[in-house]
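In what follows, a structure is listed as structure tokens, so that the remarks can point back to it.
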Amino acid sequence: KRAGELGKRLVWHSDRLAQVTDQSLFILSEFEEALMTGQISVCYQPKYSLIDNRVNGAEALVRWEHPEKGTVNPSLFVPVLEHENLMETLTLFVLRQVVEDVERWNSVRNPMGCAVNISASLLSNPAFAKRAVSIIRESGIDPSLLTIELTETAALSSQEMAVSSLDQFKRLGAHLSIDDYGTGQSTLTYLKSFSADEIKIDQSFVKLIATDNANKIMVRSSIEMAHALGIKVVAEGVEDIAALDVLREFGCDTVQGWYIGKPVTREMFMQRWCMQIFHPTDGITAEIPYP
Ligand code: C2E
Ligand code: MG
Ligand code: MG
Ligand code: MG
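20 is the number of the first residue of the sequence shown in this note's numbering; add one for each residue after it.
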């Protein structure tokens, strides 16, 4: 009987393994072609400023529409690309799209910034920052419209290298944000050594903020600490008005989440968030159409 149980478990494990390997293999073999054939695109989620009471920016989020597999989630393929050094290709692709879109947005609605996710591992390659900086320079956009959202900091190998890479973006005038703040390792350390302009409080603290007292306390004290250090605060994962009200009361600078708007295609972002002018009153639902 025990041998049978063990056998079942072994079969289960090898199935899982085969599935995982299968997935990584298809991602690795098809990614570059997907990039060239337009399966990979950039969508944008609005960021709403509680200071100006307007949408004043977006976050660029990558999407993969596979002809057979359907939508492939970035949380699935980003780690695989990371492992195979394909993140630079992806990130520069996203950045090229972003500078083009930021230019278009700002021709109709100004200022409209954009945040780009950058995996910390890319910062240990000095060539990456050089290439990225030249894309921004050549685009002619105001670099202060861009925010680098530093993600996956757990994978950071050399802080010194990272600091010198980030310096290149900072000298250009781009802003730096620490993504998923509150999760992972030593985010406080990064705040200090990278001299961040912004923290982005992770959605796991934000979603239930209205009802969970521990989350409330942690978010409030993070906002207080950040502000005392002269750092701005974005809360991600704002799904309802209750969360928004709490964040407003705590003095959070910017909110992002389904309550404001879901990530949309570049065409829709232009139409919905740049062409129309919103004049929000007390709540924002009445003025901002829910997607
Ligand atoms: P992230 O940067 O923390 O992005 C926020 C994620 O939360 C996005 O998922 C977004 O669609 C989702 N989200 C936004 N508002 C809400 C909300 O109100 N409720 C809930 N439940 N979710 C919300 P997405 O697009 O699946 O991206 C997942 C992660 O993949 C991102 O997390 C980011 O770390 C990574 N990623 C996406 N695009 C890129 C990219 O171009 N480069 C890199 N390096 N990573 C990327
Ligand atoms: Mg992000
Ligand atoms: Mg995040
Ligand atoms: Mg996240």
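Here a beta-carbon is modelled for each residue, glycine too, at the ideal position from N, C-alpha and C.
Counting only runs of at least 3 residues, the segment 50 to 81 fully encloses the following beta strand (DSSP E) elements, listed from N- to C-terminal order: 59 to 68. In the DSSP annotation of this structure, LYS235 is not part of any beta strand (DSSP E); the continuous alpha helix (DSSP H) holding it starts and ends at 232 to 247. At a Cβ-Cβ threshold of 9 Å, VAL283 and TYR67 do not count as neighbours.
Closest in C-alpha terms to GLU119, from the list THR273, CYS133 and ILE250, comes CYS133. With at least 16 other beta carbons inside 10 angstroms of its own, ALA79 counts as buried.
Those residues that have a beta carbon less than 7 Å away from any non-hydrogen atom of ligand 2 are, in order along the chain, GLU78, ALA134, ASN136, GLU168, THR170, ASP198 and LYS219.
In terms of CA proximity to ASP198, VAL135 leads the group LEU142, ALA151, VAL135 and LYS189. For the options GLY201, ASP216 and GLY280, the alpha carbon positioned closest to that of SER241 is the one of GLY201. Here the alpha carbons of ILE59 and THR206 stand approximately 30 Å from one another.
Relative to ligand 1, MET106 has its C-beta within less than 8 Å of a heavy atom.
Separation of SER212 and THR230 (C-alpha to C-alpha, rounded to the nearest whole angstrom) is 34 Å. Across the set VAL74, HIS102, ILE70 and GLU51, the C-alpha of VAL74 shows the shortest separation from the C-alpha of CYS293.
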